[in-house]
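Participant:
In full-length UniProt numbering, the protein residues as written are 1 to 82.
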C-alpha cells in the first residue's frame with residue numbers, strides 16, 4: 001500500500017465525520033437548529049439508531065474470525081494480567 005492510497009483511505013474514513021461536525025456547527029450558528037433539537041437528536045441516535053447499527057454489524061460479522069479460541073484466550077489473559 002503506497003502513501004497516496006493510504007492517505008486516500010484515511011480521508012475516506014475521516015472526511016465524512018469532520019464534514020458532519022462542521023455542518024452541525026454551521027447550522028447551529030445560523031440558528032437553524034437549537035439546543036432542544038440537539039438534545040432530541042442525541043437521544044434518538046444513542047437510544048435507537050446506534051444500537052441498530054451495532055446489531056446489524058454483528059449480524060453481518062464473520063463469526064469464524066471472531067471465535068478464534070487462541071486469540072480470545074490471549075485477550076482474556078492480557079486483560080486479566082493488567
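Backbone N, C-alpha and C define an ideal beta-carbon position, used for all residues, glycine too.
Owing to the predicted nature of the structure, the values given are computational and were not obtained by experimental measurement.
By the three-class DSSP mapping on this structure, what secondary structure does residue 67 have?
Facilitator: In this structure, residue 67 counts as coil in the three-state DSSP scheme.
Participant: Alpha carbon to alpha carbon, how far is residue 19 from residue 6? Give it in angstroms, no decimals.
Facilitator: Approximately 20 Å, taken between the alpha carbons.
Participant: Quick one: give me the first and last residue of the alpha helix (DSSP H) that residue 1 is part of.
Facilitator: Segment: none, residue 1 is in no alpha helix (DSSP H) and carries neither H nor E.
Participant: Please report the straight-line C-alpha distance between residue 72 and residue 61, rounded to a whole angstrom.
Facilitator: Near 16 Å, if we compare the C-alpha coordinates of residue 61 and residue 72.
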